[in-house]
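Here is the structure we will look at, set down as structure tokens.
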Amino acid sequence: SSFVLSLPSRLALNEGDGAWCPAGPVYPNDAEYLEIDLRRLHFLTLVGTQGRHANGHGKEFARAYRLHYSRDGHRWMPWRDRWGNEVISGNENTKDVVLKDLGPPVIARYVRFFPRADRVMSVCLRVELYGCVWKDGLQSYTAPLGQVMPLVPEPVYLNDSTYDGHSVHKLHFGGLGQLTDGVVGLDDFTQTKELRVWPGYDYVGWRNSSFPGGFIEMEFEFDQLRAFTYMKVHCNNMHTHGVSIFRKVDCLFKRSLATAWEPVPVSQQLAVDVRNPSARILTVPLEGRLGLFVQCHFHFAGEWMLFSEIAPSTLPYNNSFIIQFNYLEGQEGPKSGQPIAKDDNSNTAILIGCLVAIILLLLVVIFLILWRQYWQKILGKAQRRISDDDLTVHLSAPSDTIVINNTMGSHRHSNPCGADYMEPETANCQPGFQNNVPHYAEADIINLQGVTGGNTYAVPAVAVDALTGKDMALGEFPRERLIFKEKLGEGQFGEVHLCEVENPQDLPSLEFPFNVRKGRPLLVAVKILRSDATKNARNDFLKEVKIMSRLKDLNIVRLLGVCVRDDPLCMITEYMENGDLNQFLSGHELEDKLGGSPSGKPTISYPTLIHVGAQIASGMAFLASLNFVHRDLATRNCLVGEGFTIKIADFGMSRNLYAGDYYRIQGRAVLPIRWMAWECILMGKFTTASDVWAFGVTLWEVLMLCQEQPYSQLTDEAVIENAGEFFRHQGKQVYLSRPPACPLAVYEVMLRCWTRESKDRLPFQYLHRFLAEDALNMV
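If you want it as structure tokens, here you go:
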């Protein structure tokens, strides 16, 4: 019947019977399974399960299950985590959605779910898989087994621990493993990005003396005949431990299993780098050659050779295919994190969009209710009482499981990125911090991005009501006067463009923040809301316009005009001729005592750097006076004008240039964790005091001339762990080091910005006064 179709069996839908159920009971021998055919190879990173709803009468769910997967439908492999465990913990009731990170990820077309039962019982499942299409077409690789490096104090195991093929006579064949898991190793191969794994986990390595020919042979099998443009190989080059990149590679091709290898290889010589120990991606051109199989010889340049990732760039070949090499060079490999829906002769894109919308709605409702609970207690308003149909999220200790409680009968779309001041109750978070740092779960994250991709100010609810209740004083800007220069960034529903306005003096509707010489165009940043934006995104865009129109300070980027009469909606803000502060300072050197520069680069003096910091503090003091919280203060979000004028902006998050400054959670949310206070990372608590913490990091960037990322020696996971050390307060926390040009008294002020207790951090008024007066007299 229509009650048990596939649509009602989706997660978080409370319609129909809504689950897949076997014809009979499930026995402890795991005989029953649900098989899913994704129609193509996919790179799967996440799986979600839920029990049967049946209009509130369902009682069946799976407490645990196993996954088997196949790439060809014949050979099935069990999924195991990094420690060899096959059983995945499932649901504890019928209403919770449980999301499980697949670490390592799975490359498969077919997936089977085997619900486990400790006794004879009825089991029903709602399941969803998340990932993306595996465009490379690589079905298996053959390689020698990784070896053990005998380092002191402990050996480093460089084996391919997640390989899902066969291992015979020191050879892996017929499977895929760590070289295709999407995880790129660090410069120091003894360190790793993954939690609770052994040193060397990210790399597969071989010793030169174990291979008499001086090379290792790897063979790659693909799903069909393909044209190869290049292959990217991520190699370690830590020569202090005898590790080097390969010096030469030879690749042969053949078009079927029965044919011989083509006699002429594609070869490339590489220069060995003995100065820079950084790991790097090496690109091997493959000249558009055709093949179903590729065999490559990687020649040793040192005692050890370590690979962490191999990614070929290919296109399927057919009879009408014409190789256009310039076009092929633009092809990209797969990117994980997008939901997958089963292709049932309907529009796959629509199903994917629906799945994304469902997950986003869950996150939206969570943050909406947390926000309302907070203001109910603060303001004591009875009309903000939340009904018994509640939705909460449980923080847990570090794990790969996310539990979302869902008892809402329907979902109302709302944007969690809007200008709402969000401060979750610390009492609810406290149990998760007793012994270790809580795991980042998507449902726990406050997304800072606005509809056009930039940061959004966090504004107290009472301020939002007051601001958005007023009419905008800005006039309509004639959009035909905007001359497009380049795209600065983009978000889910909009983009940020750099534009020029010719003869701006002729526009009486434009609010001028400074004098513009006649005949000189005015640079502006234009935020554009795309036509496919949702109604809520449109409302949030207009709310941002109204809030921005009230921000009038010499050190805050101002809103100059709007285009709201017709679509697409636009807001026009200031942009400074010298671009953002990060790029500006990184192109300078500190002026020496003689006033020169050894390298010939432009110089900047210490008083000028302090003047820059004082202006940032002044702008933040203005925001603090309105109880506005920026949430993404950094040099990338400051613009530089004539005479070192600094203005704080909000669209650095939308720019691809700074993607490395943000920690991405399952591809959904991005957080500037290296600038965030510990309570922001662990509790989602953003206040003016957390902006003070970010100001201390920003001042550190300024005095370092943006030559180094904060905590550059730490991985993202180590930065999160360091936040836990601040919480535990046992003296193990790591602070940013004192910049070479920084006087001790200024560094002590930075340290006071990073105190554990937010009430002990310095106010922006003091910081501005200190930098504008006292710090200028220090050398």
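All residue numbers for the sequence shown refer to the UniProt record's numbering, where the first residue is 1 and numbers rise by one. Yeah, the Cβ is synthetic: ideal placement off N, Cα and C, and Gly gets one too.
Alanine 23 sits in coil when the DSSP states are folded into three classes, being neither helix nor strand. Only exposed fits arginine 119, as fewer than 16 other CB atoms lie within 10 angstroms of its CB. DSSP places cysteine 753 in no beta strand (DSSP E) but in the uninterrupted alpha helix (DSSP H) bounded by 744-753. Between the region 274-289 and the region 204-216, the count of Cβ pairs shorter than 8 angstroms is below three; the stretches do not touch. Taking 9 angstroms as the cut-off, the beta carbon of valine 524 is found closer than this to the beta carbon of glutamate 574. By the 16-neighbour rule on beta-carbons within 10 angstroms, glycine 696 is buried. Threonine 715 and aspartate 96 have their C-alpha atoms spaced approximately 33 angstroms apart. Following the DSSP letters along the chain, one finds proline 104 inside the beta strand (DSSP E) bounded by residues 97-116. Here aspartate 661 carries a helix assignment [DSSP, helix/strand/coil]. DSSP lists no bridge partner for proline 265. At least 9 angstroms separates the beta-carbon of glycine 182 from that of phenylalanine 307. In the three-state scheme derived from DSSP, where H, G and I count as helix and E and B as strand, valine 274 is classed as coil. If you draw a straight line from the Cα of valine 612 to the Cα of glutamate 701, it comes to about 11 angstroms.
Residue range 280-299 is occupied by the beta strand (DSSP E) that includes histidine 297. When DSSP states are grouped into helix, strand and coil, histidine 768 belongs to the helix group. Each residue's CA atom was taken as its position, placing cysteine 124 and lysine 59 some 9 angstroms apart. A distance of 9 angstroms or more separates the beta carbons of leucine 498 and glutamate 480. With respect to the C-alpha of valine 249, the residue from Leu560, Pro265, Asp661 having the closest C-alpha is Pro265. Under the three-state reduction of DSSP output, leucine 682 falls in the helix class.
No residue range can be given for methionine 121, since it is assigned to no alpha helix (DSSP H) and is classified by DSSP as neither H nor E. About 4 angstroms separates the CB atoms of aspartate 553 and phenylalanine 622; that is less than 8 angstroms, so the two are in contact. Going by C-alpha positions, tyrosine 663 is about 11 angstroms away from methionine 676. According to the DSSP secondary-structure assignment, leucine 138 is paired through a beta bridge with Phe222.
Around the beta carbon of leucine 551, a 10 Å sphere encloses 16 or more other beta carbons of the protein chains shown; the residue is thus reported as buried.
Distance from the CA of leucine 657 to the CA of phenylalanine 584, rounded to the nearest whole angstrom, comes to 14 angstroms. Three or more Cβ pairs closer than 8 angstroms define a contact, and the region 350-360 falls short of that threshold against the region 255-272.
Residue pairing by DSSP puts histidine 42 in a beta bridge opposite Ala108, Val133.
Here the C-alpha atom of isoleucine 681 lies approximately 32 angstroms from the C-alpha atom of tyrosine 606. Less than 9 angstroms separates the beta-carbon of phenylalanine 220 from that of serine 140. Excluding the 5 residues flanking it on each side, aspartate 567 has same chain C-beta neighbours closer than 7 angstroms at Ser531, in chain order. A straight-line Cα-Cα distance of about 34 angstroms links methionine 77 and isoleucine 720.
The alpha carbon of valine 501 has as its nearest neighbour, out of Phe477, Gly491, Gly494, the alpha carbon of Phe477. For alanine 533, the closest of Tyr130, Leu102, Phe493 by C-alpha to C-alpha distance is Phe493. The Cβ neighbour count for leucine 138, taken over all protein chains shown within 10 Å, is at least 16; the residue is labelled buried. Looking at the DSSP output, phenylalanine 253 sits in a beta bridge with Val294.
With three or more CB-CB distances shorter than 8 angstroms, the region 66-76 counts as touching the region 111-118.
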